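These notes concern the structure reproduced below.
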Amino acid sequence: MHVNTFIKRRIDVVSDAAQRCLVRIDPVRFWRWEHRRRGSKMEVELNLIPFFCARGRPMVDVGANTGVYVSLCQPYVERSFAFEPVPKLASLLRRALSRRPVEVHQVAVSDANATATLRLPRGHSSVSTIADTNRLEAVAERVDEVEVRTRTLDSYELDDVGFVKIDVEGHEPAVIRGADATLRRCRPHLLLEAEERYRAGIVAELAAMLADRGYEGFFIASRTLHSVKSFDRAKHQRRGRGSEYIRNFIYVPSEDAPGLRAFCRRELGIAAAAPAKEDLPAPGPS
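My numbering puts the first residue of the sequence shown at 205, with every later residue one more than the last.
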């Protein structure tokens, strides 16, 4: 092996270890530093945080993991709520964010106050779910299981919410059902991760659910803001070299859609695509 290559690999190993240590000590500082360092290589939706949190109202992070969104939202909100069912991750967040205005809840957000089986694929700490439709076979051969508490977002009776990020690997429809009163009362901006490989038809299913609640959906592809109506699984979630894989979907109350388009154009240089002519296919049973 070439000496320079060997040294670079050793530096990368040390750097990765240092990053894992820092994110456990102070995720807010870590993710701010990481976003400044790797901004263009991280998901573009992180650049929308000033828009998502423009009104300064509390934010909710459902499926907080190591806290990237709850951390980067800190300069814009007075209070945050992080929900993470994985015991080790919830403990990490609770300890690391103890001096921040963040409430950490070790629960899985769903559509009922009960218990559920959380599946944890070995070697993939960023992925876990209680969704019955997602066995995670595509992620890992071995999957551990642990029983966790579930709560609806509505059961917390939050006074006001301005932004909700949801990443629960196929369980998003249940989270929306359990947050119905909160969404109708607070009208927060939403960022949802949705992948058809985990739940077939989920993009159309979520679009229909949220349209019923007065929301308009979008996604960013090729530096363009598209209506969710133009989503095409074969095109936008094709895994392979050179493919732009779209997993994040932005939903805003219909009255806020012009503001989203204006922010993207003015602050990010992202233009809005022409209105979609075709609707998404009808969703399957939810």
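No residue lacks a Cβ here, since even glycine has one placed at the ideal position from N, Cα and C. Since the structure is predicted, the reported quantities are computational estimates derived from the model, not experimental observations.
Length of the line joining the Cα atoms of residue i and residue j
{"i": "R388", "j": "R417", "result": "7 Å"}
{"i": "G473", "j": "R299", "result": "38 Å"}
{"i": "A415", "j": "Y280", "result": "27 Å"}
{"i": "V365", "j": "V379", "result": "15 Å"}
{"i": "R240", "j": "P231", "result": "14 Å"}
{"i": "R470", "j": "C257", "result": "17 Å"}
{"i": "T333", "j": "M263", "result": "22 Å"}
{"i": "T354", "j": "A408", "result": "25 Å"}
{"i": "R443", "j": "R346", "result": "22 Å"}
{"i": "E238", "j": "V368", "result": "22 Å"}
{"i": "E400", "j": "V331", "result": "15 Å"}
{"i": "D216", "j": "M246", "result": "The predicted model places D216 with a pLDDT of 40, which falls under 50 and marks its position as unreliable; any figure quoted below should be read in that light. Near 18 Å, if we compare the C-alpha coordinates of M246 and D216."}
{"i": "R465", "j": "V274", "result": "24 Å"}
{"i": "S295", "j": "D358", "result": "23 Å"}
{"i": "Y455", "j": "E397", "result": "11 Å"}
{"i": "V308", "j": "L297", "result": "7 Å"}
{"i": "H206", "j": "A383", "result": "Reliability fails at H206, whose pLDDT of 43 lies under 50, so the model's placement of it is uncertain and no value is given."}
Where residue i sits in the DSSP three-state scheme
{"i": "D371", "result": "coil"}
{"i": "I380", "result": "helix"}
{"i": "F256", "result": "helix"}
{"i": "G463", "result": "helix"}
{"i": "E307", "result": "strand"}
{"i": "P291", "result": "helix"}
{"i": "V407", "result": "helix"}
{"i": "N452", "result": "strand"}
{"i": "D358", "result": "helix"}
{"i": "S458", "result": "helix"}
{"i": "P325", "result": "strand"}
{"i": "V232", "result": "helix"}
{"i": "Y402", "result": "coil"}
{"i": "T270", "result": "coil"}
{"i": "A385", "result": "helix"}
{"i": "M413", "result": "helix"}
{"i": "R353", "result": "strand"}
{"i": "L297", "result": "helix"}
{"i": "E397", "result": "strand"}
{"i": "V248", "result": "helix"}
{"i": "V313", "result": "strand"}
{"i": "A476", "result": "strand"}
{"i": "S284", "result": "strand"}
{"i": "V264", "result": "strand"}
Nearest residue (CA-CA) to residue i, options the options
{"i": "E288", "options": "S314, K433, R241", "result": "S314"}
{"i": "Y419", "options": "S431, G382, E448", "result": "S431"}
{"i": "G155", "options": "L293, I424, G463, H239", "result": "Summary: the structure shown does not reach residue 155, with the chain confined to residues 205 through 490, and so no result is reported for it."}
{"i": "R323", "options": "L297, V308, P291", "result": "P291"}
{"i": "I424", "options": "L250, R236, W235, R304", "result": "L250"}
{"i": "T204", "options": "A411, D336, E361", "result": "The requested residue 204 does not occur in the structure, where the chain is confined to residues 205 to 490."}
{"i": "V306", "options": "N317, R326, L276", "result": "L276"}
{"i": "M413", "options": "K369, A475, G271, P377", "result": "P377"}
{"i": "P457", "options": "S434, A312, G421, P325", "result": "G421"}
{"i": "F467", "options": "M246, W237, P254", "result": "P254"}
{"i": "F303", "options": "R283, V350, N317, D384", "result": "In the sequence under discussion, the amino acid at residue 303 is Arg, which differs from the Phe named in the question. Nearest C-alpha to R303: R283."}
{"i": "F435", "options": "D460, E459, I406", "result": "I406"}
{"i": "D371", "options": "E459, L252, F453", "result": "F453"}
{"i": "L301", "options": "E459, Y455, E247, T270", "result": "T270"}
{"i": "R259", "options": "D460, A477, A478", "result": "D460"}
{"i": "R261", "options": "V248, E247, M246, F285", "result": "F285"}
{"i": "A491", "options": "D384, G374, A411", "result": "Limits of the chain in this structure are 205 at one end and 490 at the other, which puts residue 491 out of reach."}
{"i": "T319", "options": "A477, R451, T356, P462", "result": "T356"}
{"i": "R236", "options": "D265, L252, Q278, V248", "result": "Q278"}
{"i": "S426", "options": "L410, P462, A385, A476", "result": "A476"}
{"i": "A385", "options": "V308, Y360, E397", "result": "Y360"}
{"i": "A316", "options": "R326, V352, P325", "result": "V352"}
{"i": "Y402", "options": "G382, A383, K433, R451", "result": "R451"}
Per-residue burial, residue i [other beta carbons within 10 Å of its own, 16 or more giving buried]
{"i": "D363", "result": "exposed"}
{"i": "T428", "result": "exposed"}
{"i": "R233", "result": "exposed"}
{"i": "Y449", "result": "exposed"}
{"i": "V311", "result": "buried"}
{"i": "D348", "result": "exposed"}
{"i": "V272", "result": "buried"}
{"i": "V350", "result": "exposed"}
{"i": "V218", "result": "Below a pLDDT of 50, predicted positions are generally treated as unreliable, and V218, at 37, falls in that range; the measurement from the model is reported next regardless. It is exposed - the Cβ of V218 has fewer than 16 other Cβ atoms within 10 Å."}
{"i": "P325", "result": "buried"}
{"i": "A478", "result": "exposed"}
Proximity test, Cβ basis, 8 Å: residue i and chain B
{"i": "P392", "result": "Annotation note: the requested chain B is absent from the structure, which comprises a single protein chain."}
Touch test, the stretch 424 to 442 against the stretch 378 to 397, Cβ-Cβ under 8 Å, three pairs minimum: no
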